[in-house]
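Residue numbers (this note's numbering), protein chains in the order written: chain A, 1 to 329; chain B, 330 to 669. Read the structure below first, then the notes.
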Amino acid sequence: MTTAPTLEVRNLQTHFFTRAGVVKAVDDVSFTVRRGKVMGLVGESGSGKSVTGFSIIGLVDAPGRIAGGSILFQGRDLAKLSEEEMRDLRGNRIAMIFQDPMMTLNPVLRIDTQMIETVQAHRKVSHEAARQRARDTLGMVGIPSPDERLKAYPHQFSGGMRQRVAIAIALLHEPELIIADEPTTALDVTIQGQILAEVQKLAETTGTSLIWITHDLSVVAGLADDIAVMYAGRIVEKGTVAEVLDRPLHPYTSGLIGSVPSRNKRGEPLRQIPGMTPSLLNLPPGCAFRTRCPRAAAPCMAEPEIREILPGREARCFLPLTSAEEQAA
Amino acid sequence: MSAATAIDAGSPMVELRGISRRFEKKLDFAGRIAKRLGAPVREEVVHAVDNVDLTIRKGEVVGLVGESGCGKSTLGRMVAGILPPSDGMILRNGTDILSRDNAAAREMKLRTQMIFQDPYASLNPRMRVADIVGEAPLVHGITSRGGYESYVDEQMRRAGLDPAFKRRYPHQFSGGQRQRIGIARALAVKPDFIVCDEAVAALDVSIQAQILNLFIRLRSELDLTYLFISHDLGVVEHISDRVVIMYLGRVVEEAPSETVFAQPNHPYTQSLLASVPRIESRKRAFSVVKGEIPSPLNPPPGCHFHPRCPHAMDRCRVEKPVLREVAPGQRSACHLNDRA
Numbered sequence: 001m002t003t004a005p006t007l008e009v010r011n012l013q014t015h016f017f018t019r020a021g022v023v024k025a026v027d028d029v030s031f032t033v034r035r036g037k038v039m040g041l042v043g044e045s046g047s048g049k050s051v052t053g054f055s056i057i058g059l060v061d062a063p064g065r066i067a068g069g070s071i072l073f074q075g076r077d078l079a080k081l082s083e084e085e086m087r088d089l090r091g092n093r094i095a096m097i098f099q100d101p102m103m104t105l106n107p108v109l110r111i112d113t114q115m116i117e118t119v120q121a122h123r124k125v126s127h128e129a130a131r132q133r134a135r136d137t138l139g140m141v142g143i144p145s146p147d148e149r150l151k152a153y154p155h156q157f158s159g160g161m162r163q164r165v166a167i168a169i170a171l172l173h174e175p176e177l178i179i180a181d182e183p184t185t186a187l188d189v190t191i192q193g194q195i196l197a198e199v200q201k202l203a204e205t206t207g208t209s210l211i212w213i214t215h216d217l218s219v220v221a222g223l224a225d226d227i228a229v230m231y232a233g234r235i236v237e238k239g240t241v242a243e244v245l246d247r248p249l250h251p252y253t254s255g256l257i258g259s260v261p262s263r264n265k266r267g268e269p270l271r272q273i274p275g276m277t278p279s280l281l282n283l284p285p286g287c288a289f290r291t292r293c294p295r296a297a298a299p300c301m302a303e304p305e306i307r308e309i310l311p312g313r314e315a316r317c318f319l320p321l322t323s324a325e326e327q328a329a
Numbered sequence: 330m331s332a333a334t335a336i337d338a339g340s341p342m343v344e345l346r347g348i349s350r351r352f353e354k355k356l357d358f359a360g361r362i363a364k365r366l367g368a369p370v371r372e373e374v375v376h377a378v379d380n381v382d383l384t385i386r387k388g389e390v391v392g393l394v395g396e397s398g399c400g401k402s403t404l405g406r407m408v409a410g411i412l413p414p415s416d417g418m419i420l421r422n423g424t425d426i427l428s429r430d431n432a433a434a435r436e437m438k439l440r441t442q443m444i445f446q447d448p449y450a451s452l453n454p455r456m457r458v459a460d461i462v463g464e465a466p467l468v469h470g471i472t473s474r475g476g477y478e479s480y481v482d483e484q485m486r487r488a489g490l491d492p493a494f495k496r497r498y499p500h501q502f503s504g505g506q507r508q509r510i511g512i513a514r515a516l517a518v519k520p521d522f523i524v525c526d527e528a529v530a531a532l533d534v535s536i537q538a539q540i541l542n543l544f545i546r547l548r549s550e551l552d553l554t555y556l557f558i559s560h561d562l563g564v565v566e567h568i569s570d571r572v573v574i575m576y577l578g579r580v581v582e583e584a585p586s587e588t589v590f591a592q593p594n595h596p597y598t599q600s601l602l603a604s605v606p607r608i609e610s611r612k613r614a615f616s617v618v619k620g621e622i623p624s625p626l627n628p629p630p631g632c633h634f635h636p637r638c639p640h641a642m643d644r645c646r647v648e649k650p651v652l653r654e655v656a657p658g659q660r661s662a663c664h665l666n667d668r669a
């Protein structure tokens, strides 16, 4: 258990320099992804979870850029790599799966063309060997009759099958790390179940680490080992899934868990978080969650640092929920 | 049982009798010539909704669940009166809403309102909030020019919006607030029946909870009846008294909420429930329903679910199962129930 982590993100800052001001989409984010484990990165729209993913794989577009911090992957700092070195890693050692598989797929090229091209981009192999690899990977993600399906165009696949193809493309080079940005959000429940089962199997058998970005706590609960909860560009709480979901320390995590309908008695009002996510351009001073927090008090006017509150449990809060009855969400 | 009898006592608000909706793609000119020359082309017909009977009683919240392409939205649109069915009858408080030139039918349609999924697409971007909310009640004479401003204020306040923002345009609001505008617009014409089509699907978890709470509060305040269409079983379980489950245009199971979630009868319902990720689960193996949803253009014969069903028998491949009562208040369309 003392193997080096696959990825270590330290004090990452990704800022967007817009005309209206500097948007700190990711501000002082640190986390590690353990080898062969799934890290759930959870947050609501605008919390910076996707930008964190894009920062790791080096796909942040102007006016955004990494303004500080480091992303350590295999002993190298990804934040300092040149575009060429990054291209060498991307799709090879680090891959990404998007919510919309058509972000990965080209609609006018056949699947085999796209997959063979991806294989040959990083490996000097024959066309035939590349096709063989493509076929095997399609079979691995549960696509029936992969030989025939290789000759199809993306529009001939259903949504769930397209997402499987996108996952297969991500797996072509057996990367050490896959960043999955809401890959099952647009899918039906039964199809989502199938994809999650495949991903779980793959993570176990290949030793690939995963960052699973989602807004859905229920998906993370069943899939991930570790979890980091983001709010307004910052991680407010992290730890193992079992600890964070069973005994949340941060009032925001607790509120999110309470908002899940199945945690509440039928027909009763849901425990809701009042207000809405503040604009990143106009964050309240002090703790960003202060204005919506039921526990906010005088100390919250200062900016909280993320700190170890219980052994192995970190949260960004002055007044964490530490007693058992408070945590019983 | 007491809750069930209380619901039974409610008079039917909406009754669907043998409702079907087909979408046909007519052959184009080239296709017609090809057909005349003997080519095997035919008109494509999608049976979006296939012979559905459904009764919604006054004061009830009925959850309509299914995956994409099961016809739940088409059914919702027909119930709301914005899409005519191909076959069948829709009775609203006993009045046939499909008959034309009928003041009672128009009145019933007005008393049925709909709330849509996409809070961005369902509001006219060029109208101010006050007009979005106030236009319909003014046209229908529910409010007068004189009382217009205060009427709009009241509607906005009820949906949790600050009336000070009524001169703003939809793009100046967040997703959750826009959904509130949609709710205020629907309620402004004093309906007693609301069709919510995936009304919280596009919202963040914390905002979703706020909007669901608003639905629950408005239900008791205004004595509303809901048809709540959603793919999210957690949401449906929370808000509904009764749940209807559809698969490829047909109702496969219908029962009170507690029954559906505790003792699902139909194999599709069982696998659907098993696929739902639960926040209580930890690092578990996700159960898997094999196969994909078949194309509604070419549904399998017999029971539509048989290619994916773990219990399928020969009979399921040829004979369409009918919806029959398997327990008090619980109806299911599955041949397995005949064996017992």
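All C-beta atoms in this analysis are idealised placements derived from N, C-alpha and C, irrespective of residue type, glycine included.
| Minimum Cβ-Cβ distance from B/Gly658 to chain A less than 8 Å | No, B/Gly658 lies away from the interface with chain A (no Cβ there is under 8 Å from its Cβ).
| message | Tell me the DSSP secondary structure of B/Glu478 in three-state form. | response | helix
| message | I need the DSSP call for A/Leu245, collapsed to helix, strand or coil. | response | helix
| Contacts of A/Asn282 in chain B (Cβ-Cβ under 7 Å) | By Cβ distance, chain B contributes nothing, its closest Cβ being about 13 Å from A/Asn282, past 7 Å.
| Nearest candidate by alpha-carbon position, reference A/Gly69, set A/Leu249, A/Thr214 and A/Asn11 | A/Asn11
| Measuring CA to CA, which of B/Arg579, B/Thr554, B/Gly398 and B/Leu427 is closest to B/Ser569? | B/Thr554
| message | If the criterion is Cβ atoms closer than 8 Å, does the pair A/Lys49 and A/Gly43 meet it? | response | yes
| Assigned secondary structure, B/Leu562 (DSSP; H/G/I helix, E/B strand, else coil) | helix
| Hey, which unbroken runs of the alpha helix (DSSP H) at 4 residues or more fall wholly within the stretch 56-129 of chain A? | Qualifying alpha helix (DSSP H) stretches, in chain order: 83-89 and 111-122.
| Does any residue of chain B bring its CB to less than 8 Å from the CB of A/Gln74? | So no, A/Gln74 is outside the interface.
| message | Could you compute how far the alpha carbon of B/Phe557 sits from the alpha carbon of B/Val381? | response | 17 Å
| said: Let me check understanding here. Comparing Cα to Cα, which of B/Pro413, B/Asp667 and B/Lys495 lies closest to B/Arg678? | reply: Summary: the structure shown does not reach residue 678 of chain B, with chain B confined to residues 330 through 669, and so no result is reported for it.
| Given that B/Gly563 touches chain A, what residues does it touch there, using C-beta distances under 8 Å? | Ser218, Val260, Pro261 and Ser262
| Residues of chain B with CB under 9 Å from A/Ile227, in chain order? | The contacting residues do not exist; A/Ile227 stays about 11 Å from chain B at best.
| task | Would you mind sorting B/Ile362 into buried or exposed? The rule is 16 or more other CB atoms within 10 Å of its CB. | result | exposed
| message | Measuring only the C-alpha atoms, how far is B/Gly475 from B/Ala450? | response | 31 Å
| Whose C-beta lies closer than 7 Å to the C-beta of A/Phe318 among residues of the same chain, with five residues either side of it excluded? | Taken in chain order, the residues that qualify are Pro299, Cys300 and Pro304.
| So what does DSSP say about B/Ile608, is it helix, strand or coil? | It is coil, neither helix nor strand.
| field | Contacting residues, own chain, Cβ-Cβ under 8 Å from B/Pro454 (five flanking each side not counted) | value | Tyr498, Pro499 and His500
| query | Does the beta carbon of B/Arg487 come closer than 8 Å to any beta carbon on chain A? | reply | no
| field | B/Ala332 to B/Ile385 span [Cα, whole Å] | value | Here B/Ala332 scores only 42 on pLDDT, less than 50, and its place in the model is too uncertain to base an answer on.
| field | Which listed residue (A/Arg234, A/His127, A/Gly91 and A/Val244) has its alpha carbon closest to that of A/Gly286 | value | A/Arg234
| request: Would you give the residue range spanned by the alpha helix (DSSP H) that B/Tyr576 belongs to? | output: Looking at the DSSP string, B/Tyr576 is not in any alpha helix (DSSP H); the run it does join, the beta strand (DSSP E), is Arg571 to Tyr576.
| How close, in whole Å, do the beta carbons of B/Pro650 and B/His640 come, if the pair is a contact with beta carbons under 8 Å? | A Cβ-Cβ distance of about 12 Å is found for the pair B/Pro650 and B/His640, leaving them out of contact under the 8 Å criterion.
| field | CA-to-CA distance, B/Arg660 to A/Glu204, given in whole angstroms | value | Take the alpha-carbon of A/Glu204 and the one of B/Arg660: they are about 41 Å apart.
| message | Does B/Leu345 come out as helix, strand or coil in the three-state DSSP assignment? | response | strand
| query | Quick one: is B/Val605 near chain A, going by C-beta distance under 8 Å? | reply | Closer than 8 Å: yes.
| task | State yes or no: is the beta carbon of A/Ser45 nearer than 8 Å to at least one beta carbon in chain B? | result | Yes, contact with chain B.
| Does any C-beta atom of chain A lie closer than 8 Å to the C-beta of B/Gly400? | no
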